[in-house]
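Here the working numbering runs 2 ahead of the position in the sequence shown, where the first position is 1.
Ideal Cβ positions, reconstructed from N, Cα and C, are used throughout, including at glycine.
None of the values given here were measured: they were computed from a predicted structure.
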Amino acid sequence: MFATIEWRCFIDTVSKEKAQKIIDDLSNKIGAITIISLEHYWQDKSKYDLTCSTPLQIEQPEDAVFQVLLLAGQLGNEITVMGPRIVEAKQVEFEGICSTPKMRGIYWFRFEINNFS
Numbered sequence: 003m004f005a006t007i008e009w010r011c012f013i014d015t016v017s018k019e020k021a022q023k024i025i026d027d028l029s030n031k032i033g034a035i036t037i038i039s040l041e042h043y044w045q046d047k048s049k050y051d052l053t054c055s056t057p058l059q060i061e062q063p064e065d066a067v068f069q070v071l072l073l074a075g076q077l078g079n080e081i082t083v084m085g086p087r088i089v090e091a092k093q094v095e096f097e098g099i100c101s102t103p104k105m106r107g108i109y110w111f112r113f114e115i116n117n118f119s
């Protein structure tokens, strides 16, 4: 089961309040967000580093990959994908990175799904 999508985003703001507003807008696009961490990006204090997850709950790898690509496509057009990779017989992972998001306030994002658990 692909239970969640793990996301990492760099948010282009210096204010935690503005970062939260962008997270709220992001949640409207990709679904309910569970924030894992939100802190200033260590290499650039003008950005926040968000690590979060959204529910997926899909069993079949091809359906999970398609669904995550639909969601990522709402955030950016030029997405570099890695995988899907088959780690063991039925263990699959898939990830992607976008350096040119189209959503206002998002500077960069990465996503990953797997069915390891």
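Are there three or more Cβ pairs, one per stretch, closer than 8 Å when the stretch 101-119 is compared with the stretch 75-90?
Yes, they touch.
Would you mind reading off the limits of the beta strand (DSSP E) that contains Gln93?
It spans Gln93 to Cys100 - the beta strand (DSSP E) in which Gln93 sits, taken as one unbroken run.
Here's the rule I'm using: 16 or more other beta-carbon atoms within 10 Å means buried, otherwise exposed. How should Gly33 be labelled?
So Gly33 ends up on the exposed side.
Specify the secondary structure class of Asp46 as computed by DSSP and reduced to three states.
Strand at Asp46.
Check whether the stretch 9-20 touches the stretch 58-72, taking contact to mean three or more Cβ pairs, one atom from each stretch, closer than 8 Å.
No: the two stretches stay apart, fewer than three of their Cβ pairs being nearer than 8 Å.
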